[in-house]
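First the structure, in the form of structure tokens, and then the observations on it.
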Amino acid sequence: MENERFGKPFTQQEPVPEEGIAAAVEILRSGRLHRYNTVAGETSVVSLLEQEYAAYQGVKYCLATTSGGQAMQIALRAAGVKPGTKVLANAYTLAPVPGAIYAAGGEPVLVEIDEDWHTDISDLCMKAEASGARYFMLSHMRGHIADMDAICAVCDEFGITLIEDCAHTMGARWKGIRSGNFGRVACFSTQTYKHLNSGEGGFLTTNDAELAARAVVGSGSYMLYGSHGAIPDEDVFQRVRLNSPNCSARMDMVRAAILRAQLPMLENNIARWNERYRALSRGLMEIRGLRVPWRTADEAYVGSSFQFQAIGLAGRVPALVAACAERGVDIKWFGDDTPHAFTSRYDSWEYLGYLPNLPETKRVLSTTCDIRVPLTFSVEDCAQIAKIIAQEAVRLMENKAVE
Ligand SMILES: *Cc1c(COP(=O)(O)O)cnc(C)c1O
């Protein structure tokens with residue numbers, strides 16, 4: 004009993020809803036998979052999805068893309084980033100973020116994070132001042148939303164264009180405002196492990212007409228942009244259509260059909276994620292040596308993953324990861340010197356050509372433990388996971404041998 008093992012995989016998502024499967028099969032039968040391959044009078048499924056996501060997000064314009072990373076590249080270019088443009092970015096994020104900045108020709112200026120995995124506001128000011136960077140790609144990493152009043156105040160003070168990476172905050176809000184609606188443009192991912200699942204995919208949203216038009220043309224619309232679902236007027240396209248490179252990152256019909264079936268379920272799924280998040284939180288909150296983040300009432304988060312800091316196990320996090328793995332619990336550790344699977348620390352992005360020194364980020368990541376919370380786990384599963392982590396952490400802290 005003491006050494007019970009958890010038996011479910013941490014990477015198993017729920018199936019695509021039946022109506023999504025049926026719609027995808029119908030598209031496969033039709034042979035018309037490309038978003039511009041419509042018959043007379045037909046609105047593309049991708050355009051319908053763009054309208055529906057724009058309505059959900061509460062914005063005017065939406066573009067569906069092949070991935071979140073492509074949405075970020077397109078957003079950076081459409082916002083004006085050119086080769087050599089400096090772009091601020093919080094250093095705790097996933098590799099596609101510096102990758103997108105690099106691919107757009109930008110030069111990332113990495114910013115420290117604080118204890119709660121938020122962008123460190125004073126370091127943001129310092130780096131903005133010292134580098135002269137006028138763009139900020141803000142990753143709401145693992146769904147932790149920083150004080151957006153403070154972030155927006157810094158952006159206003161320095162004249163910084165804010166681009167939000169909402170890969171982990173689709174559906175989240177801060178002070179009632181949807182994450183993604185603070186900056187000039189936002190990017191979302193519909194890759195399998197995010198809040199909607201089309202294997203790969205993404206969205207770009209904005210209320211800026213010129214930026215939206217540049218993004219649509221930049222996604223590879225050719226001169227067929229007029230068939231898109233949530234776009235500005237033709238006169239805006241007339242101004243930008245010859246000045247945006249075609250970067251071929253369009254979403255196809257099958258993925259759009261799969262996503263359209265999932266979007267109506269998102270709000271309910273957020274409630275389900277948060278029940279599971281709370282079970283994990285409850286199970287680990289009282290354990291001495293583990294620090295579970297305090298989420299403020301301003302933040303309506305989506306608990307699709309769970310983080311804690313094993314502060315009582317500084318230097319021994321790998322032992323905790325190993326002990327939990329033995330019992331079927333997958334913990335990811337962003338503090339490792341060598342990148343593993345999906346995780347990598349900022350100092351392993353060597354192609355950036357400079358090695359920033361971010362001691363606070365390194366220190367916070369050295370004790371940061373991260374777990375996925377797929378909806379195939381029940382609330383009881385999450386309570387069991389917390390119990391296993393707690394037992395192993397306490398055992399290690401008491402330095403008792405593991406039986
Ligand atoms: C997944 C992810 C992305 C990119 O999404 P893809 O669709 O996989 O390209 C960007 N930022 C963060 C923080 C992510 O986790």
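Here the numbering used here is used: the first residue of the sequence shown is 4, the next is one more, and so on.
Beta carbons: idealized from backbone N, C-alpha and C, even for Gly.
The structure displayed is predicted, hence computed values, not measured ones.
DSSP places V19 in the coil class of the three-state scheme, outside both helix and strand.
When secondary structure is reduced to three states using DSSP, Y95 falls in the coil class, being assigned neither helix nor strand. For Q54, the Cβ stays outside the 6 Å cut-off from all heavy atoms of ligand 1.
If you look at Y138, you'll find it in the beta strand (DSSP E) that goes 138 to 142. Under the three-state reduction of DSSP, P111 is assigned to strand. Residue burial annotation: D340 is exposed, with fewer than 16 other C-beta atoms found within 10 angstroms of its C-beta. Bounds of the alpha helix (DSSP H) holding T364 are 362 to 369. In this structure, the C-beta of S142 approaches ligand 1 to less than 6 Å from one of its heavy atoms. In this structure the segment 73 to 84 lies against the segment 203 to 211, because at least three pairs of beta carbons, one per stretch, are closer than 8 Å. At a threshold of 6 Å, S70 counts as near ligand 1, since its beta carbon sits closer than that to one of the ligand's heavy atoms.
Within 6 Å of the C-beta of V114 there is not a single heavy atom belonging to ligand 1.
Proximity of the beta carbon of T208 to ligand 1 is not indicated: no heavy atom of the ligand is located closer than 6 Å.
Within the segment 328 to 400, the alpha helix (DSSP H) runs of at least 4 residues that lie entirely inside it are, in chain order, 362 to 369, 382 to 400. Annotated three-state conformation of D168 is strand, per DSSP. For M400 and G306, the gap between their C-alpha atoms comes out near 27 Å. Measuring C-alpha to C-alpha distances from T69 to each of D255, E363, T364 identifies D255 as the nearest. When C-alpha distances from P99 are compared across C190, L283, W276, E383, the shortest belongs to C190. The straight-line gap separating the alpha-carbon atoms of Q241 and T299 is approximately 45 Å. A direct Cα-Cα distance of roughly 17 Å separates S142 from I180. The Cβ neighbour count for H343, taken over all protein chains shown within 10 Å, is under 16; the residue is labelled exposed.
Burial check for L113: the Cβ neighbour count within 10 Å reaches 16 or more, so the residue is buried. Distance from the CA of S50 to the CA of Y105, rounded to the nearest whole angstrom, comes to 29 Å.
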